[in-house]
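Reading through the structure tokens given below for one structure.
Number of protein chains: 2
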Amino acid sequence: MGPPAQERARDSLGSLVLQLHTLGGVASRAELTERLGCGRSAMGYLLGELRSRGLVSIDPAGGRTSSADGGRPSHSVLVADDAPTVVAAQLGVDSVTVARVGLGGKVHARVERSLRTRDTTDALDTLSELITELTAPKVLGVGLAVPSPVRRTDGYAAAALHLGWRGVPLRELLLERLPLPLALGNDANLAAMAEYRHGAGKGATQLLYLMTGHVGLGGAVVSEGRLFLGARGYAMEPGHLTVDPAGAPCPCGSTGCLEVEADHRGLLRAAGRTDHALHDVPEAVEEVFKEAVAGDPRCGAALDQAARHLGNGLASLINLADADRIVLGGTLGRLYSLRSRLVDERVTGRSFLNDGGEIPVLPGALPDSVLLGAAELALQPLLDDPKRVLDGLAR
Amino acid sequence: MGPPAQERARDSLGSLVLQLHTLGGVASRAELTERLGCGRSAMGYLLGELRSRGLVSIDPAGGRTSSADGGRPSHSVLVADDAPTVVAAQLGVDSVTVARVGLGGKVHARVERSLRTRDTTDALDTLSELITELTAPKVLGVGLAVPSPVRRTDGYAAAALHLGWRGVPLRELLLERLPLPLALGNDANLAAMAEYRHGAGKGATQLLYLMTGHVGLGGAVVSEGRLFLGARGYAMEPGHLTVDPAGAPCPCGSTGCLEVEADHRGLLRAAGRTDHALHDVPEAVEEVFKEAVAGDPRCGAALDQAARHLGNGLASLINLADADRIVLGGTLGRLYSLRSRLVDERVTGRSFLNDGGEIPVLPGALPDSVLLGAAELALQPLLDDPKRVLDGLAR
DNA sequence: CCAGTTTGTGCAGTAGCTGTACAAACTTAG
DNA sequence: CTAAGTTTGTACAGCTACTGCACAAACTGG
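Going down the list, the protein sequences come from chains R and P.
Quick note: the first sequence uses the numbering used here, first residue 5, plus one each step.
Quick note: the second sequence uses the numbering used here, first residue 5, plus one each step.
Dropping the structure here:
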């Protein structure tokens with residue numbers, strides 16, 4: 005179809021693995037050749053390298069989909085059954101989720117456990133326990149998504165405010181318990197990457213992603229296939245963008261931050277439901293959505309207000325990021341599905357450079373985007389340099 | 005010194021040319037070898053390629069600076085005298101500047117001409133006239149800086165508002181007059197690139213740049229050596245960030261935009277000097293600065309206010325871009341030199357993730373940053389693929 | 001003058017391709 | 001059922017852009 009000018013890994017072998025990955029782990033050889041823009045003979049060489057290392061297998065009688073009108077049918081390339089996998093983990097406010105994920109985004113196993121306490125040690129113990137449980141032979145590494153900005157150099161979790169931590173050397177603490185390669189990332193960043201590679205962000209050149217998790221509002225930009233991380237890894241934290249100077253006070257010291265107006269706190273406050281324990285929040289939000297759909301005026305108005313604030317926040321961000329696609333994850337995606345007009349009103353034309361088409365806004369397409377994003381993080385070394393990773397595994 | 009993990013061109017030959025360029029066109033062979041991270045023997049091969057194409061020359065008895073304690077002294081690598089050059093042009097509100105620039109950033113010739121009318125055709129005629137005048141043999145191409153967002157795909161100038169144009173296919177119009185490769189860019193973007201490669205932004209991993217020209221306020225982010233352009237090329241237009249909801253009305257429809265509060269209009273308005281023809285603005289601004297330094301309270305207060313607005317704008321941007329350096333160009337640089345405390349007050353600690361050092365704010369270090377940036381744009385193909393460009397020239 | 005150090009160079013070897021020629025596997029026309 | 005036409009995989013030669021090694025060159029200090 006279109007030209008494959010999306011993203012380029014360091015070498016061809018890497019881009020090949022990436023293409024196979026974004027295509028879900030199965031693709032016809034001809035399709036891969038076209039996407040890489042190389043000759044058939046180079047593809048033969050590259051597939052030979054991958055096959056000899058056990059990453060892919062080839063089924064000569066695979067893709068008999070036959071869109072072609074004549075000609076020899078192309079072989080199917082698929083991720084090998086016994087190909088290496090990674091472990092993806094998500095640290096939430098009151099739960100931990102871990103999964104084993106293969107190239108192509110296939111989830112081989114998935115465990116979730118709720119945290120009874122909000123103690124750091126408890127969370128770390130549960131995490132390492134589940135990770136160890138899911139670790140199998142040929143696991144390349146672990147990716148962990150955290151609801152906090154994460155320093156790119158060393159995996160320091162700068163401010164997991166909602167977990168009550170004020171800065172934790174998370175990677176270091178976990179490495180004491182786990183003898184595996186471990187990479188950490190911010191949950192919104194990783195979810196954005198997952199949506200970019202497998203979900204609603206596919207094919208965008210500049211993807212702007214916003215999501216709300218349990219508490220707080222995170223964001224990310226994927227620019228030409230790569231996360232826009234910033235110098236330290238703290239870029240694109242839109243939670244404290246001011247959307248209403250006369251709005252509610254925010255723990256950060258300012259007032260009317262996007263985060264306190266459009267996340268779960270904002271919704272519940274606008275709906276007049278503030279008497280919830282923290283772990284009941286998802287249920288309370290669920291209730292507000294249900295009653296709004298059922299016709300409750302106060303809950304409906306709460307959605308209206310959150311949607312307007314979200315639209316205003318997006319309007320500010322659009323001119324800075326110049327996105328060609330916007331994806332909304334978590335509760336924001338649901339909010340948008342119900343109140344798209346209120347959001348669009350503020351996005352449309354607010355981009356002060358209106359040179360043609362509008363910017364499409366979409367709800368996230370992946371149910372487990374954060375967890376999948378953690379897998380993307382762990383898979384990254386394989387995409388960057390497949391040979392080194394695969395050969396290193398053998399040793 | 006530090007690891008050379010700054011930026012990577014597509015191939016080694018490109019990075020070599022880039023290194024030589026950022027080092028000002030002269031470097032010791034040993035230094036280049038270290039920065040590229042390759043062996044001495046590869047450097048020999050690479051330099052051979054460049055020398056055979058006439059781009060560099062080598063002086064065996066060059067850098068007798070001798071920091072070393074013993075050992076054979078390294079040869080000097082320098083841009084050849086007859087190496088190809090580029091033509092850089094800057095389209096201003098009431099003037100046009102054109103220069104011939106060589107690798108390393110050396111300006112060989114420079115012409116400036118003021119525009120009497122504000123007619124598009126007049127500007128284009130003057131531009132192509134001066135460019136033709138400065139075009140010499142072995143000119144690789146032309147780079148043009150425009151005070152407007154420029155669409156990356158085709159050089160369409162989306163909104164040179166201050167020139168009275170509402171969208172002009174500028175590249176197309178100029179190509180009718182000039183038979184040369186022509187690349188267009190936004191002036192602030194290009195200035196940022198110049199500061200990154202040759203000025204106050206050197207070595208930053210995430211550079212946030214803001215500047216004011218004649219009218220308006222532009223910005224850019226250089227992220228790991230590359231401009232953050234966005235999907236269309238309109239990213240990082242911070243002019244219409246709201247810094248004072250109760251502020252002055254902006255032509256964009258909003259109020260209190262950073263642009264109308266901190267650019268020349270804002271300064272003159274705050275100083276009570278609004279009766280100026282457009283081309284007198286620089287002189288009027290000059291006056292305000294002079295009188296403020298001399299002690300005039302109203303002019304001083306005008307600087308104070310602009311500095312505060314600038315600081316607030318920066319505070320919003322810092323959390324989004326996660327810059328490790330901020331450079332202020334044009335009048336903003338001067339404003340900062342005089343009112344750094346008022347700006348710093350708002351920048352310091354406003355980055356809600358205060359994990360250590362503050363972010364350095366610096367005034368721009370290049371007197372002709374926009375023009376030099378236009379040269380960077382024209383040189384880019386040479387940095388991306390030196391062989392193809394140099395061989396193509398011969399044909 | 002000699003050891004010690006850093007640097008340029010020649011040469012063999014390798015990785016990662018490209019291009020060409022050809023055989024294989026299909027479709028449709030006759 | 002065969003022949004022509006089309007697209008695809010593969011073998012092989014060749015090239016580019018390096019890396020590594022051995023060695024010579026150019027300095028310093030003793």
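Even for Gly, the Cβ is constructed at its ideal location relative to N, Cα and C.
A quick note: this is a predicted structure, and the numbers were derived from the prediction, not measured.
Unbroken alpha helix (DSSP H) stretches of 4 residues or longer found wholly inside the stretch 268 to 354 of chain R: 268 to 274, 285 to 298, 301 to 325 and 335 to 351, given in chain order. Per DSSP, the unbroken alpha helix (DSSP H) holding R:E35 starts and ends at R33 to L40. Residue-level contact by beta carbon fails for P:N190 and chain R, as no gap is shorter than 9 Å.
Residues of chain R whose Cβ lies closer than 8 Å to the Cβ of P:R312 do not exist, since the nearest Cβ in that chain is about 16 Å away.
Distance from the CA atom of R:S344 to the CA atom of R:A92, rounded to whole angstroms, is 32 Å. For P:P367, the enclosing beta strand (DSSP E) starts and ends at V365 to P367. Ranked by Cα distance from R:V143, the first of R:P64, R:D86, R:N190 and R:G29 is R:D86.
Ranked by how close their Cα comes to the Cα of P:G109, the residues P:V225, P:L262 and P:V21 have P:V21 in first place.
In this chain, P:L182 is not harboured by any alpha helix (DSSP H), its DSSP state being neither H nor E. P:L214 is the residue among P:P390, P:R236 and P:L214 whose C-alpha sits nearest the C-alpha of P:G315. In the three-state reduction of the DSSP assignment, P:M197 falls in the helix class. Remark: C-beta atoms of R:V97 and R:R122 approach each other more closely than 9 Å. The beta carbon of R:S80 does not come within 9 Å of any beta carbon belonging to chain P, so the residue lies off that interface. When the Cα atoms are used, P:L119 and P:L131 turn out to be separated by approximately 10 Å. Boundaries of the beta strand (DSSP E) harbouring R:A93: T89 to L95, taken from the DSSP string.
Per DSSP, the unbroken alpha helix (DSSP H) holding P:Y49 starts and ends at R44 to S56. Excluding five sequence positions before and after P:P249, the CB atoms of its chain that fall closer than 8 Å to its own CB belong to T259 and G260, given in chain order. Distances from the CA of P:T89 to each of P:G147, P:A127, P:D158 and P:L50 were compared; the closest alpha carbon is that of P:G147. Annotation for P:V21: the continuous alpha helix (DSSP H) segment containing it runs S16 to T26. A straight-line Cα-Cα distance of about 8 Å links R:E295 and R:G304. Residue contact with chain R for P:S320: present (Cβ-Cβ distance below 9 Å to some residue of chain R). Here P:D86 carries a coil assignment [DSSP, helix/strand/coil]. CA-CA distance, R:R76 to R:P64, rounds to 11 Å.
Close to P:L245, with beta-carbon spacing below 9 Å, are these residues of chain R in chain order: S320, N323 and L324. Put simply, the stretch 320 to 334 of chain P touches the stretch 224 to 240 of chain R. At least three CB pairs are less than 8 Å apart.
Look at R:T259 here: in three-state DSSP terms it is strand.
For P:A224, the enclosing beta strand (DSSP E) has its first and last residue at L221 to S227.
Going by beta carbons, P:L51 and P:G66 fall outside the 9 Å limit. Neighbours of P:F293 across chain R, judged by C-beta separation under 7 Å, do not exist; the nearest C-beta is about 29 Å away. For P:G377, the enclosing alpha helix (DSSP H) covers residues S373 to D388. Close to R:T124, with beta-carbon spacing below 8 Å, lies no residue of chain P; the smallest spacing is near 18 Å. Here P:T124 carries a helix assignment [DSSP, helix/strand/coil].
For the stretch 226 to 240 of chain R, the set of positions with a beta-carbon nearer than 8 Å to some beta-carbon of chain P reads S227, F232, L233, G234, A235, R236, G237, Y238, A239 and M240 in chain order.
Residues of chain P whose Cβ lies closer than 9 Å to the Cβ of R:Q210 are, in chain order, L233, G234, A235, R236 and A239. Between the alpha carbons of R:T246 and R:P253 lies a gap of roughly 11 Å.
R:T216 sits close to R:G333, with the two beta carbons spaced by under 9 Å.
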